[in-house]
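Residue numbers (the working numbering), protein chains in the order written: chain X, 1 to 710; chain B, 711 to 1042. Beta carbons: idealized from backbone N, C-alpha and C, even for Gly.
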C-alpha cells in the first residue's frame, strides 16, 4: 500500500487548534451565562460514618449559592458494586450516598458559589464530624484478607496447566522471587472537570471523559433521565490514561446543582483531589517462579499476584493475564487474588495488569538468564512458543523474535557486559538491560456516520474521543484513503453523545474498533458514488464488529525494550542514557502519532521503574504525597534525546480489515523492567521493590563495599 | 484561598509601615507563599509586594564581597558573572534548585524564607506542630523518607528545602535585616534559621516587622568549591542530601575546608567539626571519608530516612574530592 494516506506520519489535524488555544476542554467551554463554581469537600477519615455536617460558616461566606451533602442531595439511582455485572463505567454513580465513608478523600459535600475562589474558601469552612472506625490500609498486611475474584478485568482468575511445583523441584535453574509495585495515579495534565447546563428538561454535560457513551449512560441512569434528555460532550481531553474511563462526582453534582440553581455549574477537581476522587492503579505483590533446564528451555512459569481492591467496589487487576501467552513452558500457573482495603477505587491505568505484571515477569527472566549463564535475549528466543501456550490456538501474528533481534542489532546489545558493574564512566556505573513486551489486542463494535457534500467535502461523526492519541487524525486518514479525497477535505467530529456509538478510548481498542467501522461505512458510501450517485447529501451510516477471530486466534501486540542507564557509584542515583523500543502492532495507521504514543509509554515505563509512588499513610488511608511536587514523574532532564521507538511493518487481518492492532498501551509494557535490568547490569544491585530509588541502590552498593573489603 | 488585600509600595519606609498591619506578610516572587495560601497553610489578610523596592541589585562591597539585594531573582544571581567566577558553589546551588521558570520568579530573600516541603505540613487535615503548634508531628512515625537526620526534635523532623542557603552557609554569608524603626542588623546565615526544638513554628531569627534587604557575601574564600545535590530525579526535585564543599590546599595539605549540608536538617547544616578535622590533613580519599563520617556525628534516622546518614557521609566525601579537583584547576 505504498500510496496509501493510511500510515503516513501526518501532523495531527487538531494540533493547530490545540496550540492556538482554540481547542476547548471541558473546563474551557463557555456556557450560555457565567457558570457558578462548585468545589468538593472530601473526607478526612478512611473509614467510618459522617455524624454531623456544620455548614453555618460556609453558608455565610461571600457568594455562596448552594451547599449540598447527603443531608439534602436529591434521590439518585442506587449504586451497584462492579462485581454485580453490567458495564463498570456506564452504571449509576450516586453521590453523597448516605453517611458511610469508604475511603480517605471521598466527596462528602459540595459548595457552589459565584466564583471558584469563593467556593474554595467556603469549602474549607464546612466542618464534617465523623465516627472513625479502624480500617485496613496496608496491602502486605491485608494479604490475609485476600480472596479470588470471580474474574479479572479480562479473562479468568486462575490458570493451571501441569505441575509447577514438581517442575521447580527438578529444574537445573530456577527463580523464586517476590516483586512489589506501588500505587500509581493517572493524574493527566487536564484535571477532571465538568460543566453542566440545562435547557428546559434537557441536560448537557461537558466533561473530560474517554468514553462518551458510558458517561452518557452513567449520568442518565444516575439522575434517572431518559438517554435522549442527556447530552455529553467531550471534544478534547487533556490526557486520560484510564483515569477518565469512569465519570466522577463532578459530572453528577454539577448536573444536580445546575438544576437547582437554574444556571450552569462547573466543577473542576483540585490536583490533590485527583489522587483520591479519581481511580488509581492498584499496588501489587507478585511472586514469580521460573524453572528451566540446562538447555534454557522453561519447564515452569508461575505468576501469582495479590492486588489492592477498594472494599466498596471490586477491581481485579489482571496482573498475570499476559503471562499466559508470553513464553512456552509445559507447566504453568497464574493466579489473581484481591485484597479488599478501605482505600479509593482502583481501576484501569495504562496497560492495566500488563504494565505491572511485566515489571515482575521480565525482571525474573533476567534473573533466570543470569543463573543459566545465557544472554537474556537468547533465553527468550529459546522459549518462543509456536502457538498460544494456554489456549493452544494459533497467534494471529507474532513478531516478538524480530523485535528482539532487530533491537539487539540497532541498540548495540553486544556492548553489554555479562558481569554487572564492569562498564564505568568516571563515577558512573553504566549498564544495559532489555525486556520483552506483550499487550492483548482488543476490538469492540463501533458505529460511524459519514456524509459527503456537493464539494466532495467529507464529514465523519462518531462518539469516539481523542485523548491526545491522534484519533482525529487517523480517522481523517482512513476516510480520505477510502473515499479517495485529500485529508484536508475531511472533517472529523468526535466526542458528542448524539453521534454514532463507539467504544471510546480505552484498552487500546479505539483505533482498531473505530477505523474498522469508519472503513466499512466509507466503503458503503464509495459504492453509492461508484453506482452513480453524485456527491451532495450523500450519507452512509453503519457499524462493524469483530467476528470469531478473537476466539480462534491469540491476538497480541509485541515489543522489545533496550535501555542504557548510569548509576552513581557514590549516591545510587539512576539516570537514563538511552532507550530503544522495537514494536510489532500490526499496520501502523499514523507513523508519527503511533511513535509518540509508544515513546510516551516507554517513558511511563521509566517513570514506573524509577519514580512513581503514591504513598498510602497506613495510619489514615490517605495518599501522603498527593500533588505533583511529591508524586514524581520524569522531567525533561530525566529523558535524554536518545529515546526512540521503531515500528515493524505488519498487517494483522484477524484484528481488523485495516490490519492494525492497539498501540497506546504497548509502549509501557516491559519498559520498566528493561530499566530495572539495566540498573542491575550497571551496579549489580537487584531491586524488586519498585520504584528503584537511590536509597534502595545505596544499601546494595554499601554491602558490595563491605564484601570487597573482606 | 482566603480573601486578602494587596499593596505594592515603592519605597522601604512605606513597606515597613505596611507590614505593621495585623496579618500582613511580605510577598517576593510568590513561588512558595502563593502555593501555601492556596491550601490555606498560610492565610495572610494583607500582602505587601516588595518587588518594586530598590533591592534588585548585586553590588560589590568595600571588603571585596558582594551585597545581594533581597529581590534579586535566583536566575539573575546564578547568572551573575561575579558569582559564577568567585562563588561558583552558589551559582551551582541555585541552578540545582527548582526549575527555570521558578528560578526566574523566586527571589533571594524568598528563597531563605521558603517553608519546608514536608507532606504533612502542606495538608491542613493532618497534625503538624509547625503549622498548628501542639497538634503533633505526623512525620515522626509516618512517611518520613525526605525528613531530617540532624538537629531534629520529636516536635518536628522537617528539613529546610533550599539549595541556595546551603552554599551561602558555607560561604559565611550574612543576612541584612531592617526593622521598622532603628538601624538594620546583620545575622549570620548559619544562625538565621533555627532548629525546631519545641517551637518548630519559629523558623528564623527574623523579628516581626523586619524586612530582609540583602544577603552579604564576604570576600571569596581561598580554595576550590563544589556543590553536589543528590535527588531522585535529575531536575525539579528537592535534595535528598546536598553538600556545599570548599577545600583550600597548601601543596597536598588541606589548609582550610568548609562543609555545609542541605536536606538533612531544619536549617542549612554547617559541619564545623568535620571541617576542623580536615585542616592539616592530606587531601586523600581516607581524609574525606573520615570527614564525611564526622559531618554526620549525632545523626539519627526516623525509619524511612535512615539512608540519608550514609548517603550524606558519602556525598560529603565526593563533594570534597570535587572541591580539590576545582582547587587544582585554580577555580576559586
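Taking DSSP's pairing of strands, which residues face residue 129 of chain X in a bridge?
In the DSSP output, where bridge partners are listed per residue, residue 129 of chain X has X:52.
When the Cβ atoms of the segment 582-602 of chain X are set against those of the segment 153-161 of chain X, are three or more pairs found closer than 8 Å?
As far as the Cβ criterion goes, the segment 582-602 of chain X does not touch the segment 153-161 of chain X, which means the pair count is below three.
So, is residue 357 of chain X buried or exposed, given that buried needs 16 or more other C-beta atoms within 10 angstroms?
Residue environment for residue 357 of chain X: buried (at least 16 other C-beta atoms within 10 angstroms of its C-beta).
Any beta carbon from chain X within less than 9 Å of residue 1025 of chain B's own beta carbon?
Chain X, which has a Cβ nearer than 9 Å to the Cβ of residue 1025 of chain B, makes this yes.
Is residue 695 of chain X near the ligand NAP, in the sense that its beta carbon is under 8 Å from a heavy atom of that ligand?
Looking for the ligand NAP in the displayed structure turns up nothing, as the structure carries no ligands at all.
Pair every Cβ in the segment 294-314 of chain X with every Cβ in the segment 336-349 of chain X, then say whether three or more of these pairs are closer than 8 Å.
Segment contact: the segment 294-314 of chain X against the segment 336-349 of chain X, three or more CB-CB distances shorter than 8 Å; contact assigned.
Measure from the alpha carbon of residue 722 of chain B to the alpha carbon of each residue in B:890, B:954 and B:1004, then state which is nearest.
Closest option to residue 722 of chain B, Cα to Cα, is B:890.
Delimiting residues of the alpha helix (DSSP H) encompassing residue 1043 of chain B:
With chain B covering 711 to 1042 only, the question about residue 1043 of chain B has no answer from this structure.
In three-state terms, what does DSSP make of residue 2 of chain X?
In this prediction, residue 2 of chain X has a pLDDT of 49, which is less than 50 and means its spatial position is unreliable; what the coordinates show is noted afterwards. Assigned with DSSP and collapsed to three states, residue 2 of chain X falls in coil, not helix or strand.
For residue 492 of chain X, count the other beta carbons within 10 Å of its own beta carbon; 16 or more makes it buried, fewer makes it exposed. Which is it?
Counting Cβ neighbours within 10 Å, residue 492 of chain X comes out buried, since at least 16 surround it.
Unbroken stretches of the beta strand (DSSP E), 3 residues or longer, contained in the segment 764-846 of chain B:
Runs of beta strand (DSSP E) with 3 or more residues, each lying fully within the segment 764-846 of chain B, are found at 768-770 and 776-779, listed in chain order.
For a contact meaning CB atoms closer than 9 Å, what does residue 698 of chain X contact in chain B?
Neighbours of residue 698 of chain X on chain B, chain order: 1017, 1020, 1021 and 1024.
Neighbouring residues, chain B, relative to residue 702 of chain X (Cβ below 9 Å)
Correct list: 1020 and 1024.
Consider the Cβ of residue 637 of chain X: report whether some Cβ of chain B lies at a distance smaller than 9 Å.
Closer than 9 Å to some Cβ of chain B, the Cβ of residue 637 of chain X qualifies, so yes.
Put residue 191 of chain X into one of helix, strand or coil per three-state DSSP.
Of the three classes helix, strand and coil, the one that applies to residue 191 of chain X here is coil, per DSSP.
Would you mind sorting residue 744 of chain B into buried or exposed? The rule is 16 or more other CB atoms within 10 Å of its CB.
Counting Cβ neighbours within 10 Å, residue 744 of chain B comes out exposed, since fewer than 16 surround it.
For chain X, find out if any of its Cβ atoms is closer than 9 Å to the Cβ of residue 851 of chain B; answer yes or no.
Judged by the 9 Å Cβ criterion, residue 851 of chain B is in contact with chain X.
Could you give the DSSP three-state label for residue 241 of chain X: helix, strand or coil?
Reduced to three states, the DSSP call for residue 241 of chain X is coil.
Three-way DSSP call (helix, strand, coil) for residue 1042 of chain B in this model:
In this prediction, residue 1042 of chain B scores a pLDDT of 45, lower than 50, which makes its location untrustworthy; the coordinate-derived value is nonetheless stated afterwards. Three-state DSSP puts residue 1042 of chain B in coil, outside helix and strand.
For residue 931 of chain B, the nearest candidate out of B:780, B:719, B:797 and B:1016 (CA to CA):
Shortest Cα-Cα distance from residue 931 of chain B to any of B:780, B:719, B:797 and B:1016 involves B:797.
Measuring only the C-alpha atoms, how far is residue 469 of chain X from residue 505 of chain X?
Each residue's Cα considered, the two are about 9 Å apart.
Look at residue 670 of chain X and residue 369 of chain X and say whether their C-beta atoms are less than 9 Å apart.
Between residue 670 of chain X and residue 369 of chain X, the C-beta gap is not smaller than 9 Å, which leaves the two residues out of contact.
List, in order along the chain, the chain X residues whose C-beta lies closer than 8 Å to that of residue 678 of chain B?
Chain B is shown from 711 up to 1042; residue 678 of chain B falls before or after that span and cannot be answered.
Distance between beta carbons of residue 317 of chain X and residue 264 of chain X, contact taken as under 8 Å:
Distance from residue 264 of chain X to residue 317 of chain X at the Cβ level is roughly 38 Å; contact not present, criterion being Cβ atoms closer than 8 Å.
Using a Cβ-Cβ cut-off of less than 9 Å, give me the residues of the segment 915-949 of chain B that come near chain X, in sequence order.
Here the close residues are 938, 940, 941, 942, 943, 944, 945, 946, 947 and 948.
Give the residues from the segment 384-418 of chain X that approach chain B closer than 9 Å (Cβ to any Cβ), ordered along the chain.
Under the 9 Å Cβ criterion, the segment 384-418 of chain X contributes no residue.
Counted within 10 angstroms of its Cβ, other Cβ atoms place residue 989 of chain B as buried (16 or more) or exposed:
Flag for residue 989 of chain B reads exposed.
Looking at the secondary structure, which residues open and close the alpha helix (DSSP H) in which residue 935 of chain B lies?
Residue 935 of chain B -> not in any alpha helix (DSSP H); beta strand (DSSP E) instead, spanning 934-940.
Can you give the beta carbon distance from residue 558 of chain X to residue 400 of chain X, rounded, assuming they're within the 8 Å contact cut?
Sure, about 4 Å apart at Cβ, within 8 Å.
Is there a C-beta anywhere in chain X that falls below 9 Å from the one on residue 1040 of chain B?
Chain X contact via Cβ: absent.
What residue does the alpha helix (DSSP H) around residue 79 of chain X start on, and which one ends it?
No residue range can be given for residue 79 of chain X, since it is assigned to no alpha helix (DSSP H) and is classified by DSSP as neither H nor E.
Going along the chain, which residues of its own chain have a beta-carbon closer than 6 Å to the beta-carbon of residue 714 of chain X, five neighbours each way excluded?
Here chain X has residues from 1 to 710 only, and residue 714 of chain X is not among them.
Buried/exposed call for residue 705 of chain X, threshold 16 Cβ in 10 Å:
So residue 705 of chain X counts as exposed.
With a 10 Å radius around its C-beta and 16 neighbouring C-beta atoms as the bar for buried, classify residue 865 of chain B as buried or exposed.
By the C-beta density criterion, residue 865 of chain B is buried, having at least 16 other C-beta atoms within 10 angstroms.
Using a Cβ-Cβ cut-off of 8 Å (strictly less than) and excluding sequence neighbours within five positions of residue 591 of chain X, which residues of its own chain qualify?
Hits under 8 Å: 7, 8, 9 and 647.
Leaving out five residues on either side along the sequence, give the residues of the same chain with a beta carbon under 7 Å from the beta carbon of residue 845 of chain B.
Cβ within range, chain order: 837, 838 and 839.
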